[in-house]
Amino acid sequence: MSSPSINLRSRRARQARLGHLLGRHTFSLGLWLSAIFIGGASLIYATSYQRLAYFAWAVGLFSFMIGLWYRNDLARLPVSGSSLDQRLSSDALGRLGVRQTLSPRSVWHSLRDHWQATFLANHLLLPTNTIEQQLSTDQSYMDKAWQEAVRLADLTDSPAIEPGHLAAAILNTSPAIQTLLKQLKDGNNDVEQIVVWLSRLLSSQRATEPYFGGIGRDWAYGFTPHLTQYGQNISLAIEQNGAHYGWLTASPGVQSIKKAFAQGDPAVALIGEEGVGKSSHVHALAQLILEEAHDRNLEHHQIISLNPSLIVSRAREPGELERIVVTLLEETIHAGHIILFLDDAQLFFKSGVGSFDITQVLLPIVQAKALQLIIAMTPHDYQQLKTDNAAFADLLTPVVLTEPDEAAVMRVLEDTASNLEANRQVLISYEALREAYRLSGRYEQDVAYPGKAIRLLEQSLTHANNSVVDTGSIQAAIEQTRGVKVGTAAPVEADQLLHLEETIHQRMVNQVRAVSVVANALRRARAGVASPKRPIGSFLFLGPTGVGKTELARSIAATYFGAEDHIIRLDMSEYQQPSDVSRLLSGGNQEKASLILAIRQQPFSVVLLDEVEKAHPNVLNLLLQLLDEGQLTDTTGRSASFRDSILIATSNAGANTIREHVEKGEELEKFEKQFTDQLISSNQFKPELLNRFDEIVLFRPLKSEELLQVVGLMMKEVNSTLANQNITVELTPAAAQEIVKAGYDPRLGARPMRRALQSAVEDSIAARILGGQTKPGDHVMLDASDLTTTRESG
Amino acid sequence: MLVFSLFLWWYGRGWLAVVKNLRNMLRGISRLFSVPQLLRTLLAPWRRIISYPGASLDAKLRAYGDNLVSRAIGFIVRLIVLLTALVISLLAVIFGIVSIVAWPLVPVAIVVLIIKGITA
Numbered sequence: 001m002s003s004p005s006i007n008l009r010s011r012r013a014r015q016a017r018l019g020h021l022l023g024r025h026t027f028s029l030g031l032w033l034s035a036i037f038i039g040g041a042s043l044i045y046a047t048s049y050q051r052l053a054y055f056a057w058a059v060g061l062f063s064f065m066i067g068l069w070y071r072n073d074l075a076r077l078p079v080s081g082s083s084l085d086q087r088l089s090s091d092a093l094g095r096l097g098v099r100q101t102l103s104p105r106s107v108w109h110s111l112r113d114h115w116q117a118t119f120l121a122n123h124l125l126l127p128t129n130t131i132e133q134q135l136s137t138d139q140s141y142m143d144k145a146w147q148e149a150v151r152l153a154d155l156t157d158s159p160a161i162e163p164g165h166l167a168a169a170i171l172n173t174s175p176a177i178q179t180l181l182k183q184l185k186d187g188n189n190d191v192e193q194i195v196v197w198l199s200r201l202l203s204s205q206r207a208t209e210p211y212f213g214g215i216g217r218d219w220a221y222g223f224t225p226h227l228t229q230y231g232q233n234i235s236l237a238i239e240q241n242g243a244h245y246g247w248l249t250a251s252p253g254v255q256s257i258k259k260a261f262a263q264g265d266p267a268v269a270l271i272g273e274e275g276v277g278k279s280s281h282v283h284a285l286a287q288l289i290l291e292e293a294h295d296r297n298l299e300h301h302q303i304i305s306l307n308p309s310l311i312v313s314r315a316r317e318p319g320e321l322e323r324i325v326v327t328l329l330e331e332t333i334h335a336g337h338i339i340l341f342l343d344d345a346q347l348f349f350k351s352g353v354g355s356f357d358i359t360q361v362l363l364p365i366v367q368a369k370a371l372q373l374i375i376a377m378t379p380h381d382y383q384q385l386k387t388d389n390a391a392f393a394d395l396l397t398p399v400v401l402t403e404p405d406e407a408a409v410m411r412v413l414e415d416t417a418s419n420l421e422a423n424r425q426v427l428i429s430y431e432a433l434r435e436a437y438r439l440s441g442r443y444e445q446d447v448a449y450p451g452k453a454i455r456l457l458e459q460s461l462t463h464a465n466n467s468v469v470d471t472g473s474i475q476a477a478i479e480q481t482r483g484v485k486v487g488t489a490a491p492v493e494a495d496q497l498l499h500l501e502e503t504i505h506q507r508m509v510n511q512v513r514a515v516s517v518v519a520n521a522l523r524r525a526r527a528g529v530a531s532p533k534r535p536i537g538s539f540l541f542l543g544p545t546g547v548g549k550t551e552l553a554r555s556i557a558a559t560y561f562g563a564e565d566h567i568i569r570l571d572m573s574e575y576q577q578p579s580d581v582s583r584l585l586s587g588g589n590q591e592k593a594s595l596i597l598a599i600r601q602q603p604f605s606v607v608l609l610d611e612v613e614k615a616h617p618n619v620l621n622l623l624l625q626l627l628d629e630g631q632l633t634d635t636t637g638r639s640a641s642f643r644d645s646i647l648i649a650t651s652n653a654g655a656n657t658i659r660e661h662v663e664k665g666e667e668l669e670k671f672e673k674q675f676t677d678q679l680i681s682s683n684q685f686k687p688e689l690l691n692r693f694d695e696i697v698l699f700r701p702l703k704s705e706e707l708l709q710v711v712g713l714m715m716k717e718v719n720s721t722l723a724n725q726n727i728t729v730e731l732t733p734a735a736a737q738e739i740v741k742a743g744y745d746p747r748l749g750a751r752p753m754r755r756a757l758q759s760a761v762e763d764s765i766a767a768r769i770l771g772g773q774t775k776p777g778d779h780v781m782l783d784a785s786d787l788t789t790t791r792e793s794g
Numbered sequence: 001m002l003v004f005s006l007f008l009w010w011y012g013r014g015w016l017a018v019v020k021n022l023r024n025m026l027r028g029i030s031r032l033f034s035v036p037q038l039l040r041t042l043l044a045p046w047r048r049i050i051s052y053p054g055a056s057l058d059a060k061l062r063a064y065g066d067n068l069v070s071r072a073i074g075f076i077v078r079l080i081v082l083l084t085a086l087v088i089s090l091l092a093v094i095f096g097i098v099s100i101v102a103w104p105l106v107p108v109a110i111v112v113l114i115i116k117g118i119t120a
């Protein structure tokens, strides 16, 4: 590709420089000067200074000429050729000095104060000065930059090379800037996307004002006082507040609705998941009708959205609701230019609190094609309507809105960002938009794109740092609303992660290998190394009862998710029948034990599946899918993600074998492999299931000295409870031994220990407090002889 | 050189712009007053305020009379607006023609005024 040429001495270049020199106030200044000089000259002419008056008139007329010249020509010189000086916009060309050495740095310096260059730099979060310092002064770099500017202008269908195109081209062709952007995780593509966004803004700024019909437009149609009272006139709102749905008016969804009405269909069912943009499509249709609908079925039509809550709240007497609805429908029919929009349409099609059924009233009207109607509903509600009222549902023309692709969502986010920046005085970086797309996709599964990404972007405004919304703001918003950690670990948190084993061991005795395996998995997940399409971690805990399997699960919930109650615990011995699969997958509200419901309510949890070996093979097959894909699909076809959970299955299988090995003095790591093979050969677990866990963790029985440590941990809990009464309790070594002796059971591990401690220590302290022997502020030292209850029971 | 560019524009694209402005002005007036819509519905009832004919002849005649009144009101209002649009359009045409004729004379006038100023 030959490099484009530029002649900064051409007539167009000189005119552009003059235009830049004169500035954007030239037109108004010219008119003012001409008015002042011509008016002043007329006054002077009445006196004896006629010569001065002639000159003043001449100056006035010349100012008038200059003002008009600037406005109609210099401000936007027409593009008249392919050479750069002919194709550069006057804004860009006027900033290039005739004697200027054209290098990336000098050209950027000329452009950097222009709003388009600032727009670009701001959304990359790069100060214009920093960019300038990084740019080369070598003129030879400009050849590539010019070519890139031409490419970007062509890409955005712009006849002129705007300052934004040129600025972006300089950034895209500068190796130093590219390195800088890579360090900031911003790719070349972001610069290009920002230019496309900028071009769309330019087009909307330069678009001619839309014509909505003039003062006599509605005189051939009826009045709509009740509709105005009970609904919102979307068309009127667009007329008053401006049209913002430009590109959406050409979308397949809007065109399908328009086509359906143009063909004479009376009612359209707009079907799509929450957040997919049903209301936006209706707003876009309203704009399209206002601007350019020439079809008789749509010309001058207005869309009014009915408010069901308002209708219900106004109906105070029996039968009033029906009267209001009939009045509204009659008014719609009589007006002749109203399209009724029922948003959240299920509220109009079922009887209940805040809703009412109007299908019987609507049916004959829609059959007679007496009005036009748009009904927005989710696919589930549409199916429900088909089941409940097939006759009415059959009259609707379905228009299905699917979730838009990434490019379309980003376009919506860009437009949203433009509005937010204008209205809330913030700056939203482009990387933040990408992060909003990414994180909302991962963590907001109840709402569809683009709604969920928009919602996250809006939520992030409160986390803006110095009015700048960056990736950190988006991450902070999702962390606050979803209770998950997605940002880069802060130094304090990173330190906690690095010392996770110590934190867990503060509440767990021994099981060093189990804790270490789990801690490594959590660190991998937090550092972003683990696969995002599977659960954060998946573990099979094997070992005897009462050795800390559940306690470790609780510790993980507390350490990773911030609270012990972030745990979903299922006893798998309750799922031994083939039919129990549906109980796990139920998406409705009737199944309290549904795993799907639990994970939807609390996606950031430890999922603890106790006694997993007792579950039916069909249930275990489900577990395979969960471990593979990180999600399950409920009975209604909606998926639920487990990708933010840690899955822990526990089992006592082979507990005796573990005990035997440990008693022989063998280390866990040495017989792990052999033990796993035994579990497979004895048909206790299928190999495909075992292979899918991140780690199989063996727990060994606790030794008597470890049980003493368990007593110590339990005493901490007792003291924490008594802290309110300012009483502290301590056990002598003999007392602790006494409790271990009373509470230890080789079959149940440390589990009976709590009961023993309760009856020995807590009862003893309670008796002392009630007997007045122990008062607030006392420190109680209990010896073995004080634990009478223990001895008696033991 | 720049003055030459100014004159080149003034007698070229600038002059054409005046013609274009006149055309836009007339279109704007027509749009503001909804001229095509009002012409098409000149005899339509005012805001669809109509009576539906009853069964008896008396009721039918009364409805016919009511509707005639509604159409008459609609016609009068629309006619007034259309006449207003016509008057404003005529004024715009006169202003536009004067502008088109006067446009080429402006630079000449400047030269003449300077000469007058020197020689007066």
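Chains as they are written, first to last, in my numbering: chain A, 1 to 794; chain B, 1 to 120. We put the CB at the ideal spot given by N, CA and C, even for glycine. Only a predicted model underlies this, so the values are computations on that prediction, with no experimental measurement involved.
*Whose C-beta lies closer than 6 Å to the C-beta of A/S63 among residues of the same chain, with five residues either side of it excluded?*
G30, L33, S34
_Nearest-angstrom Cα separation, counted from A/G441 out to B/F121_ = What the structure shows of chain B is the stretch from 1 to 120, and residue 121 of chain B is not part of that stretch, so it cannot be assessed.
_CB contact below 8 Å: B/W46 versus chain A_ = yes
*Give the interface partners of B/K116 over in chain A, defined as CB-CB distance under 7 Å, in chain order.*
Y54
*Where are the alpha helix (DSSP H) runs, 4 residues long or more, that stay fully inside the segment 3-34 of chain A, in chain order?*
Runs of the alpha helix (DSSP H) spanning 4 or more residues and lying entirely within the segment 3-34 of chain A occur at 11-22, in chain order.
*Apart from the five residues just before and just after A/E591, which ones in its own chain have a Cβ nearer than 7 Å to its Cβ?*
At A/E591, the pLDDT of 49 sits below 50, so the modelled position is not reliable and the matter cannot be decided from this model.
*asked:* Taking the alpha carbon of A/K703 as the reference point, which residue from A/Q737, A/Q684, A/K673 has its own alpha carbon closest?
replied: A/Q737
*In three-state terms, what does DSSP make of A/E591?*
For A/E591, the predicted structure reports a pLDDT of 49, less than 50, and the residue's modelled location is therefore unreliable. A value from the coordinates is still provided. It is coil, neither helix nor strand.
*Answer yes or no: does any C-beta atom of chain B fall closer than 8 Å to that of A/G39?*
no
*asked:* Please report the distance separating the alpha-carbon of A/S199 from that of A/T208.
replied: 16 Å
_Whether A/L536 touches A/D644 by CB criterion (8 Å)_ = As written in the sequence, residue 536 of chain A is Ile, which differs from the Leu given in the question. It is a contact, given that the beta carbons lie within the stated cut-off.
_Inter-residue spacing [alpha-carbon to alpha-carbon] between A/H337 and B/N24_ = 29 Å
*Since A/R316 sits in a beta bridge, which residues does DSSP pair it with?*
Answer by DSSP bridge pairing: none, since A/R316 is not bridged.
_Under 8 Å: do the segment 313-322 of chain A and the segment 289-299 of chain A share three or more Cβ pairs, one atom per stretch?_
No: fewer than three Cβ pairs fall under 8 Å.
*Check A/R638 in the structure and name its three-state DSSP category.*
coil
*Under 8 Å between the Cβ atoms of A/S605 and A/I568?*
yes
*asked:* Can you pull the chain A neighbours of B/R78, defined as C-beta to C-beta under 8 Å?
replied: G216, W219
*Output yes if chain B places a C-beta closer than 8 Å to the C-beta of A/N7; else output no.*
no
*Name the two residues that bound the continuous beta strand (DSSP E) containing A/Q232.*
Segment 231-233, the beta strand (DSSP E) holding A/Q232.
*Taking three-plus beta-carbon pairs below 8 Å as touching, is the segment 374-389 of chain A in contact with the segment 228-237 of chain A?*
Counting C-beta pairs closer than 8 Å gives fewer than three between the segment 374-389 of chain A and the segment 228-237 of chain A, which falls short of the contact rule.
_Could you check whether the Cβ of B/L86 sits closer than 8 Å to any Cβ belonging to chain A?_
no
*Quick one: does A/E591 have its CB under 8 Å from some CB of chain B?*
Low local confidence applies: a pLDDT of 49 at A/E591 is under 50, so the model's placement there is unreliable, with the coordinate-based value given in what follows. No - not a single Cβ of chain B is within 8 Å of the one on A/E591.
*Which partner residues does A/G779 have in the DSSP bridge list?*
Note that residue 779 of chain A is His in the sequence shown, not Gly. According to DSSP, which records beta bridges pairwise, A/H779 is partnered with A/T728.
*Quick one: what's A/R643 bridged to in DSSP?*
DSSP output for A/R643 lists no bridge partner at all.
_Short Cβ contact (8 Å threshold) for A/L120 with A/A176_ = If you check the CB distance, A/L120 and A/A176 do not come in under 8 Å.
*Can the beta-carbon of A/A286 be found less than 8 Å from the beta-carbon of A/L396?*
no
*Whose C-alpha, out of A/F699, A/L626, A/N423, is nearest the C-alpha of A/A655?*
A/F699
*asked:* Tell me the rounded alpha-carbon separation between A/D91 and A/E162.
replied: 7 Å
_Is A/N122 a contact residue of the ligand SAH, with contact defined as CB to any heavy atom under 7 Å?_
The model depicted lacks the ligand SAH and carries no ligand whatsoever.
*Assess, as a yes-or-no matter, whether the segment 673-691 of chain A is touched by the segment 707-723 of chain A under the definition of 3 or more beta carbon pairs within less than 8 Å.*
no
*Under 8 Å Cβ-Cβ, which residues of chain A neighbour B/G14?*
L68, W69, N72, D73
*Skipping 5 residues on each side, what residues in its chain have a beta carbon closer than 6 Å to that of A/A519?*
L500, E501
_Going by DSSP, what residue range makes up the beta strand (DSSP E) through A/P733?_
Taken as a continuous stretch (DSSP letters only), A/P733 belongs to no beta strand (DSSP E), being part of the alpha helix (DSSP H) at 733-743.
*May I have the straight-line CA-CA distance separating A/E65 from B/I80, to the nearest angstrom?*
Checking the sequence, you will find Met at residue 65 of chain A rather than Glu. Computed Cα separation, rounded: 39 Å.
*Give me the Cα-Cα distance between A/V740 and A/V509, rounded to the nearest whole angstrom.*
One C-alpha to the other measures close to 14 Å.
*According to DSSP, what are the bridge partners of A/D571?*
A/D610
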